[in-house]
Amino acid sequence: MQYISSRDKNLKVSFEEAVKRGLAPNKGLFMPENYIQMDKEFISNLYGMSLQEIGYQVGKKYVGNEIPDNDFRNLCNEVLNFDIPLVKVKNNISSLELFHGPTCAFKDVGARFMARCLGYFSQKNKEKTVILVATSGDTGSAVARGFLNVPGVDVIILYPSGKVSEIQEKQLTTNGGNITALEVNGVFDDCQRLVKTAFTNFDTKGKFKLTSANSINIARLIPQSFYYYYAVSQAKNAETVICVPSGNFGNLTGGILAWKSGLPVKHFVAATNINDTVPQYVKTGIYTAKPSKQTISNAMDVGDPSNFERLNIIFNQNYKEFGETISSYSFTDEQTREKMKETYEKYGYILDPHGAVGLLGVEKYLENKNLEGIFLETAHPTKFLDVVKSVTSVTPELPETLQACMKKEKQSIKIENNYADLEKILKDRYL
Ligand SMILES: *Cc1c(COP(=O)(O)O)cnc(C)c1O
C-alpha cells in the first residue's frame, strides 16, 4: 500500500515513509492510496474473532510487506493485549469500552501501534530515534507510555509544571526506562515552543533522528479502525448504529475506513460538545473553523478538527454524501451532566463526560427507530473524577493501572522556560 497526501494525490510514499514523516508535504495528511477491502470470508467469520486477529488481518493490508508477517503478528499481539469489551448499558444501547489500556484512554490503541511501527523501522535501519512531545496532560501520557521499552526509541515529554492534575503528572513521570519527563517552568504553549525550536535548531550531527509523535500520524489512524470490526463482532448485528464522541475526528475516521472496507454498519453518528464545527457543516454545507471553547469533555474542545480534511476527501467534498453516512449533533455541558447523572441513577453505569456525549448522540439518532446502537466510551470515568464526583456523588475506583502508577515516585527533571536548558539535555545525552 502506498500513501498519498491529502493535498497532492500524485505524491506517493511507502508506509514507512508516511509513519516517519507524520505530516505530508504541503501540510497535507497521509491517506491510503486505495481503500482496503476485507473479503466476504473475513466479514462472515468476524463474529467471535479476537481483537488481535482482527488487528493482524486488517493491519497487514495497510502495512503490506514492509513489516514481515511474523513481526507484524507479534506487534499486533503486543499492541492489542487489553480487552475492548462491548457492555450493555440499557435496552438497545451498548458501550464500547476503549479505556482498558495502560493510560485508560482510547488513544492508547493508536499510540501503541504507532510506537511499535516506528520502533520496528528504527531497529531495522539501526537508527536511534528521539521523540519530543509537548503535552498539556492527557495525550502525552498515552504516547509516552506507548513507547515504553520500545527498543531504539527514547521519549522526552515536556509538561507545564503545576498545570496538570496529580493523576496526569504521575502518569507522565513514573514510566522510567526510555521515557524522560521534563517539568517546564511555564505553560503548555511554552512547552510546545521549546519542542518546535528543537526541531528547527538542534543539530543532531546525524547521530539520531529527532521526531514528533504527531496525532495525525497515519499509524495512529489505522489501528483506530480495528475496534470497529471488533464492536460488530461482539454485537453480532450488521444493522448497528455507531456513535463516536469527536474532537479531532481521528477516531471517527478510523470507523469510516472500516466501513469503506466492507464492515457492515448501519450508520455513524459524530457527537460533539458545543464545539460544533462539524454538526454545522453537515447541516449547512459550510465549514467554518472556530476558536475552541472550553467544556467538561475537554479532549474534544476542538474548533477546527484536523481529520476533517481526510473525511472530506472520503466523501468527495460533498456534504450531502457526508450526511448520508454520518449524522452529527452537538450537546451542552448541562446535557452531558444530566446524561451522566441519569445513566448512573437508572442503569448503574458511570460515564465519563466524553462517553456521555456519545450516549446522547446515539440516543438522539435512535429516537423512534427500532435499531441497536453502540457508543464509544473513550476514557475511564476516574480520568475526569471531579466532574464524575460532582454529578453522581460516587467516587469510582481507580483502575489497577492507575493505582499502580499513583504509588510510584515522581521522577522529573525541572527546566526553565528557555531553549538552552532543553538543548543541554539533548547534547549531554545523545551527542
Ligand atoms: C482525544 C479524545 C477524544 C476525541 O477523539 P478524536 O479522535 O480527536 O475525535 C474523545 N475522548 C477522549 C477521552 C479523548 O482523549
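Numbering that gives the first Met the number 0 numbers the first residue of the sequence shown as 0 and each following residue consecutively.
Heads up, the beta-carbon is just placed ideally off N, CA and C, and yes, glycines get one too.
Problem - Which listed residue (Pro-263, Thr-283, Tyr-286 and Asn-250) has its alpha carbon closest to that of Ala-269 - result: Against the sequence shown, residue 269 aligns to sequence position 270. Taking the Cα of Ala-269 as reference, the smallest distance to any Cα among Pro-263, Thr-283, Tyr-286 and Asn-250 is reached at Asn-250.
Problem - Cβ-based burial, Tyr-46 [other Cβ within 10 Å; buried from 16] - result: Taking the first residue of the sequence shown as 1, we reach residue 46 at position 47. That one is exposed.
Handout entry: Inter-residue spacing [alpha-carbon to alpha-carbon] between Glu-371 and Met-0
Key = Position 372 of the sequence shown holds residue 371. Position 1 of the sequence shown holds residue 0. Whole-angstrom Cα-Cα distance: 35 Å.
Handout entry: Inter-stretch contact at 8 Å, needing at least 3 Cβ pairs: the segment 183 to 192 / the segment 53 to 70
Key = The segment 183 to 192 vs the segment 53 to 70: no contact.
Exercise for the section: Output the boundary residues of the beta strand (DSSP E) element that contains Ile-241. Expected result: The sequence position of residue 241 within the sequence shown is 242, counting from 1. Judged by DSSP secondary structure, Ile-241 falls within the beta strand (DSSP E) whose first and last residues are 240 to 244.
Handout entry: Distance, Ser-326 Cα to Asn-315 Cα
Key = For the purposes of this step, residue 315 is taken as residue 316 along the sequence shown, with counting starting at 1. For the purposes of this step, residue 326 is taken as residue 327 along the sequence shown, with counting starting at 1. The straight-line gap from Cα to Cα measures roughly 17 Å.
Exercise for the section: Just mark Pro-263 as buried or exposed, buried being the case when its beta carbon has 16 or more other beta carbons within 10 Å. Expected result: Counting from one through the sequence shown, the residue named residue 263 turns up at place 264. When all chains shown are included, Pro-263 counts as exposed.
Handout entry: Cβ-based burial, Ala-23 [other Cβ within 10 Å; buried from 16]
Key = Working through the sequence shown from its first residue, we reach residue 23 at position 24. Ala-23 comes out buried.
Handout entry: Local Cβ density within 10 Å of Gln-223, reported as buried at 16 or more and exposed below that
Key = Taking the first residue of the sequence shown as 1, we reach residue 223 at position 224. When all chains shown are included, Gln-223 counts as buried.
Practice task
Could you please give me the residues that DSSP links to Ser-392 through a beta bridge?
Solution key: Start at 1 with the first residue of the sequence shown, and residue 392 comes out as number 393. Within the DSSP bridge table, the entry for Ser-392 names no partner.
Practice task
Using a threshold of 8 Å, state whether the C-beta atoms of Lys-195 and Glu-238 are closer than that.
Solution key: Counting from one through the sequence shown, the residue named residue 195 turns up at place 196. Counting from one through the sequence shown, the residue named residue 238 turns up at place 239. Cβ atoms of Lys-195 and Glu-238: not closer than 8 Å.
Practice task
Give me the Cβ distance between Ile-92 and Leu-50, rounded to the nearest whole Å; I'm assuming they're in contact under 8 Å.
Solution key: Counted from its first residue, the sequence shown places residue 92 at position 93. Counted from its first residue, the sequence shown places residue 50 at position 51. With a Cβ gap of about 21 Å, Ile-92 and Leu-50 do not count as contacting.
Handout entry: Residues of its chain near Ser-214, where Cβ-Cβ distance is below 8 Å and the 5 sequence neighbours each way are ignored
Key = As a working note, residue 214 is residue 215 in the sequence shown. Thr-138, Asn-247, Gly-249 and Ser-305, listed in sequence order.
Practice task
Whole angstroms is fine: what's the gap from Ser-260's alpha carbon to Ala-230's?
Solution key: As a first step, residue 260 is located in the sequence shown; it is residue number 261 there, counting from the start. As a first step, residue 230 is located in the sequence shown; it is residue number 231 there, counting from the start. When rounded, the separation of the alpha-carbon atoms in Ser-260 and Ala-230 is 15 Å.
Exercise for the section: Give the secondary structure of Pro-304 by DSSP, where H, G and I count as helix, E and B as strand, and everything else as coil. Expected result: As a working note, residue 304 is residue 305 in the sequence shown. Coil, per DSSP.
Handout entry: alpha helix (DSSP H) segments (min. 4 residues) lying fully within the segment 111 to 185
Key = The segment 111 to 185 contains, as complete alpha helix (DSSP H) runs of 4+ residues, the segments 137 to 145 and 165 to 172 (chain order).
Exercise for the section: Drop a sphere of 10 angstroms on the beta-carbon of Gly-118, count the other beta-carbons inside from all chains shown, and report buried for 16 or more, exposed for fewer. Expected result: Numbered from its first residue, the sequence shown carries residue 118 at position 119. Buried, by the Cβ-count rule.
Exercise for the section: Please report how far the alpha carbon of Val-142 lies from the alpha carbon of Gly-347, in whole angstroms. Expected result: Mapped onto the sequence shown, residue 142 falls at position 143. Mapped onto the sequence shown, residue 347 falls at position 348. If I take the Cα positions, the gap works out to 32 Å.
Exercise for the section: Determine the contact status of Ile-255 and Ile-313, defining contact as a CB-CB distance below 8 Å. Expected result: On the sequence shown, residue 255 is found 256 positions in, with the first residue counted as 1. On the sequence shown, residue 313 is found 314 positions in, with the first residue counted as 1. Yes.
Handout entry: Residue(s) in a DSSP beta bridge with Ala-269
Key = Looking up residue 269 in the sequence shown gives position 270. According to DSSP, Ala-269 bridges with Val-243 and Ser-327.
Exercise for the section: Could you tell me whether any non-hydrogen atom of ligand 1 is closer than 7 Å to the CB of Ser-94? Expected result: Taking the first residue of the sequence shown as 1, we reach residue 94 at position 95. Taking 7 Å as the cut-off, one finds no heavy atom of ligand 1 near enough to the beta carbon of Ser-94.
Exercise for the section: Using DSSP bridges, identify the partner residues of Met-30. Expected result: Within the sequence shown, the letter at position 31 stands for residue 30. Met-30 is bridged by DSSP to Ile-3.
Problem - Boundaries of the beta strand (DSSP E) in which Thr-381 is found, first to last residue - result: Position 382 of the sequence shown holds residue 381. First-last for Thr-381: undefined, no H or E at that position.
Handout entry: Which residues DSSP lists as bridging Ala-104, in chain order
Key = Residue 104 sits at position 105 when you count from the first residue of the sequence shown. Ala-378, per the DSSP bridge assignment.
Practice task
Pull up the DSSP beta-bridge partners for Glu-96, would you.
Solution key: In the sequence shown, the residue the question calls residue 96 occupies position 97. Per DSSP, the beta bridge partners of Glu-96 are Glu-376.
Exercise for the section: Just mark Lys-204 as buried or exposed, buried being the case when its beta carbon has 16 or more other beta carbons within 10 Å. Expected result: The count along the sequence shown starts at 1 and reaches residue 204 at position 205. So Lys-204 counts as exposed.
Practice task
Look at the alpha carbon of Ile-414 and the alpha carbon of Arg-6, and state the distance between them as a whole number of angstroms.
Solution key: Taking the first residue of the sequence shown as 1, we reach residue 414 at position 415. Taking the first residue of the sequence shown as 1, we reach residue 6 at position 7. C-alpha separation (whole angstroms): 39 Å.
Practice task
For Phe-146, I'd like the list of residues in its chain whose CB is within less than 6 Å of its CB, leaving aside the five on either flank, ordered along the chain.
Solution key: Start at 1 with the first residue of the sequence shown, and residue 146 comes out as number 147. Ala-114, Val-152 and Val-154, listed in sequence order.
Problem - For Lys-206, the three-state DSSP class (helix, strand or coil) - result: Taking the sequence shown and counting its residues from 1, the one referred to as residue 206 is at position 207. Coil at Lys-206, not helix or strand.
Handout entry: Met-437 CB to nearest heavy atom of ligand 1 below 7 Å
Key = Examination of residue 437 is not possible in this model, given that the chain is present from 0 through 430 alone.
Handout entry: Tyr-429 vs Val-240 beta-carbon contact at 8 Å
Key = What you label residue 429 is simply residue 430 of the sequence shown in a count that begins at 1. What you label residue 240 is simply residue 241 of the sequence shown in a count that begins at 1. No. Outside cutoff.
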